[in-house]
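Input: a single structure, listed below in structure tokens.
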Amino acid sequence: MIRFCIIVIVTLFVTPISASDESLVIYGSRQQTLMAPLLQAYQASRGVAVRYVQDKSDTLLQRLAEEGDASPADLLLTADIGVLEAAREMGLLQAKQSQLLSSLIPAEYRDPQGFWYGLSLRARMLLYVPGRIPRFELRDYADLSSSALEGRVCMRDLEHVYNQSLIAALLARWGEKRVRAWLSGVISNLARPPQGGDRDQVRALAKGECDVAVVNSYYFAMMLDSDNEGDREVANRVSRVWPETGVHVNISGGGVTHYSPHPQLAIDFLEFLAGFDSQRLFAELNHEYPVVAGVPVSHTLMRLGAFEADFRPLALIARQREKASKVIHDLSNTD
Numbered sequence: 515m516i517r518f519c520i521i522v523i524v525t526l527f528v529t530p531i532s533a534s535d536e537s538l539v540i541y542g543s544r545q546q547t548l549m550a551p552l553l554q555a556y557q558a559s560r561g562v563a564v565r566y567v568q569d570k571s572d573t574l575l576q577r578l579a580e581e582g583d584a585s586p587a588d589l590l591l592t593a594d595i596g597v598l599e600a601a602r603e604m605g606l607l608q609a610k611q612s613q614l615l616s617s618l619i620p621a622e623y624r625d626p627q628g629f630w631y632g633l634s635l636r637a638r639m640l641l642y643v644p645g646r647i648p649r650f651e652l653r654d655y656a657d658l659s660s661s662a663l664e665g666r667v668c669m670r671d672l673e674h675v676y677n678q679s680l681i682a683a684l685l686a687r688w689g690e691k692r693v694r695a696w697l698s699g700v701i702s703n704l705a706r707p708p709q710g711g712d713r714d715q716v717r718a719l720a721k722g723e724c725d726v727a728v729v730n731s732y733y734f735a736m737m738l739d740s741d742n743e744g745d746r747e748v749a750n751r752v753s754r755v756w757p758e759t760g761v762h763v764n765i766s767g768g769g770v771t772h773y774s775p776h777p778q779l780a781i782d783f784l785e786f787l788a789g790f791d792s793q794r795l796f797a798e799l800n801h802e803y804p805v806v807a808g809v810p811v812s813h814t815l816m817r818l819g820a821f822e823a824d825f826r827p828l829a830l831i832a833r834q835r836e837k838a839s840k841v842i843h844d845l846s847n848t849d
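Each residue of the sequence shown is one higher than the one before, counting from 515 in my numbering.
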């Protein structure tokens, strides 16, 4: 149980980086504002210069594939298990075992061969508007297809990786027949065509455009903790439900690139990110759940209470992502 297309190259340190230096090159989709404190702390601890190349996940995978053995990248950092598994299947990552990482990171949140390691968690939660829907009508993901919610559900694009991963998890849990029936019901219950990001679903709830939404926990927590008074007010008008049969969690994580010039340095950085102080920074800066036991969550996440996560290994869930994409495509394109 958890308690809890321009490439931007960001050189975060004044230390010059030459070809002869032992420097760490990271390709990452995580925002600079999140990564900068962690990278600066690593350099201060190890005396190693770091270059961080930021772009969208699919662009980074394409770049790694095109660069091949000439790639300067040592490490890939990204959000979502589907992206990490895609990188593994494309041969862009190498298996790199670490006794420390294996001891700190639960088996369900890392690749058994060491191709990737989860570093933080986010949960796919249900939000509703008190007074517009009885709490007993919303207990689990299954309830999203209930006829009681016809015309009352908001979601972002079903093809988005967050929803695709949720549906992959449900395929692993329920099987394809039940998931197809469920998703058909969810689509029938949509209050509007899927649109916007997760925070837009929360705003739609507050505007009365729908009564139930599916949102990642860290987006909701960021709204609760926002400097924007409007976002805080909107977030405080809705309530959350942790699905009672197991909450789908996803990871932000990383893996050593196949042609890494410094694979041991890359593993050292992953081990640094799994340390207590780095895990605490992940929790505080981005309201994500630490993947390592014993690290406190942010005060905002504490307000959301405890939940029980789906016990299935993410590597198993990731194998369902192609089927999930096909199910979404089939049901989204019916007349």
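C-beta: ideal position from N, C-alpha, C; glycine also.
Predicted, not measured: the structure shown is a model, and the values here were computed from it.
Taking 8 Å as the cut-off, the Cβ atoms of L828 and E622 count as close.
For Y541, the enclosing beta strand (DSSP E) begins and ends at L538 to G542.
Under the Cβ criterion (8 Å, minimum of three pairs), the stretch 797–808 does not count as touching the stretch 638–647.
Three or more Cβ pairs drawn from the stretch 582–590 and the stretch 534–550 lie within less than 8 Å of each other, which places the two stretches in contact. When the Cα atoms are used, M737 and R817 turn out to be separated by approximately 13 Å. With respect to A705, V755 sits apart: the two C-beta atoms are not nearer than 8 Å. When secondary structure is reduced to three states using DSSP, Q613 falls in the helix class. Going by beta carbons, G760 and L589 fall outside the 8 Å limit. Using a Cβ distance threshold of 8 Å, I831 and I619 do not count as a contacting pair. Proximity of the stretch 698–718 to the stretch 654–663 meets the contact definition, three or more beta-carbon pairs being nearer than 8 Å. The beta carbon of R713 lies closer than 7 Å to those of Y733 and M737 in the same chain, with the five residues before and after it left out. For R577, the uninterrupted alpha helix (DSSP H) segment begins and ends at S571 to E581. Contact between the stretch 561–578 and the stretch 600–610 is present: 3 or more CB-CB pairs across the two stretches fall below 8 Å. Its chain contains P551 and L552 as the residues whose beta carbon lies nearer than 7 Å to that of L795, once the 5 sequence neighbours on both sides are disregarded; these appear in chain order. Scanning its chain for C-beta atoms nearer than 6 Å, with the 5 sequence neighbours on each side dropped, one finds around A780 the residues D588, L589, V770 and S774, in chain order. Taking a 10 Å sphere around the C-beta of G632, we find 16 or more other C-beta atoms and assign the residue as buried.
The Cβ-Cβ distance between Q709 and A727 does not fall below 8 Å. A distance below 7 Å between beta-carbons, with the five flanking residues on each side excluded, links P626 to the following residues of its chain, in chain order: A829. Excluding five sequence positions before and after T814, the CB atoms of its chain that fall closer than 7 Å to its own CB belong to A735, L738, D739 and H801, given in chain order. A direct Cα-to-Cα measurement between A683 and Y803 gives close to 19 Å.
Under DSSP, C668 shares a beta bridge with A727.
Between P777 and K570, the C-beta gap is not smaller than 8 Å, which leaves the two residues out of contact. The three-state reading of DSSP puts I765 in strand, counting E and B together. Just so you know, the alpha carbons of T547 and D741 end up roughly 15 Å apart.
Here S731 is actually not in contact with R826; their C-beta atoms are around 18 Å apart, not less than 8 Å. Bounds of any alpha helix (DSSP H) do not take in L589; it lies within the beta strand (DSSP E) bounded by L589 to A593. Under the 10 Å beta carbon count, F650 is surrounded by fewer than 16 other beta carbons and is classified as exposed. Note: M639 is bridge-paired with V729 in the DSSP secondary-structure output.
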